[in-house]
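Worksheet for the structure shown next.
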Amino acid sequence: MPVVHLARTTGAADDALLALAHAVTGVEDLRLTRACPRCGADRHGRPVLRGVEGVSVSLSRPRTPGPALVALCADAGVGVDVENTGAATFDGFDAVALHPQERCADDDARTRLWVRKEALLKAHGTGLITDPREVWLGEDGQVVAGPAGTLVDLGLDDQIGAVAVTPPGPLHVRWH
1 MPVVHLARTT
11 GAADDALLAL
21 AHAVTGVEDL
31 RLTRACPRCG
41 ADRHGRPVLR
51 GVEGVSVSLS
61 RPRTPGPALV
71 ALCADAGVGV
81 DVENTGAATF
91 DGFDAVALHP
101 QERCADDDAR
111 TRLWVRKEAL
121 LKAHGTGLIT
131 DPREVWLGED
141 GQVVAGPAGT
151 LVDLGLDDQI
161 GAVAVTPPGP
171 LHVRWH
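Read in our numbering, the sequence shown has 78 at position 78, and its numbers run on one by one without any break.
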């Protein structure tokens with residue numbers, strides 16, 4: 001069963017991710033680079049941990065001020081996303097983010113759906129290169145259509161967060 005290691009930080013997310021990686025792997029000579037799935041550039045894109053093989057990492061900074069979230073998993077692809085409550089409330093959100101079968105009862109449900117989708121797409125390494133309208137999630141977070149994975153909502157008091165792993169299956173979350 002994959003173990004997803006998570007930490008929240010109000011500091012630099014890259015530094016927090018490296019600290020988490022050092023703590024979990026015990027490897028001292030680690031560094032973070034980037035890999036853009038669209039153009040291949042290493043100056044932007046998803047974070048990649050160098051210095052240890054087979055470890056997937058992810059990070060998320062909310063669009064408005066609040067703690068960032070970092071994740072690491074040695075057993076599966078991992079993606080994480082966090083937003084402050086009500087972050088997905090702008091006009092036109094549904095048209096650019098929701099699958100035709102998805103409906104949201106309120107702003108928090110809309111934000112929860114968004115962080116689930118973004119975590120799933122990060123776990124696959126594509127992020128928003130994949131059109132979020134092509135991903136249909138059930139109200140319980142199960143993938144109905146789109147890339148396969150397992151999603152878990154994170155019980156954060158002041159934010160809405162989710163973690164995803166691929167391939168799908170049970171997972172264990174460990175906070176640091």
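A virtual CB, placed ideally from N, CA and C, is assigned to each residue, including glycine.
In chain order, Pro2 place their CB closer than 6 Å to the CB of Asp75, counting only its own chain and leaving out the 5 sequence neighbours on each side. In this structure, DSSP gives Arg112 a helical state, which the three-state scheme calls helix. The beta-carbon distance between Asp42 and Arg50, rounded to whole angstroms, is 10 Å. This is too long to meet the 8 Å contact definition. Taken atom to atom, the span from the alpha-carbon of Val135 to that of Ala148 is near 10 Å.
Taken through DSSP and simplified to helix, strand or coil, Ala76 comes out as coil. Contact between Ala145 and His99 holds: CB atoms are separated by about 7 Å, below the 8 Å threshold. Secondary structure of Asp42 (DSSP, three-state): coil. Taking the Cα positions, Ala87 is about 8 Å away from Arg63. Cβ neighbours of Thr9 within its own chain (closer than 7 Å, five residues either side excluded): Ala16, Pro67, Ala68 and Val70. The criterion of a C-beta distance shorter than 9 Å is satisfied by Ser60 and Asp81.
When C-alpha distances from Glu139 are compared across Pro170, His124 and Thr111, the shortest belongs to Thr111.
According to DSSP, Ile160 shares a beta bridge with Glu83. Spanning the alpha carbons of Gln159 and Cys104 requires a straight line of approximately 18 Å. In its chain, beyond the 5 residues on either side, Pro132 and Arg133 have a beta carbon closer than 8 Å to the beta carbon of Val96.
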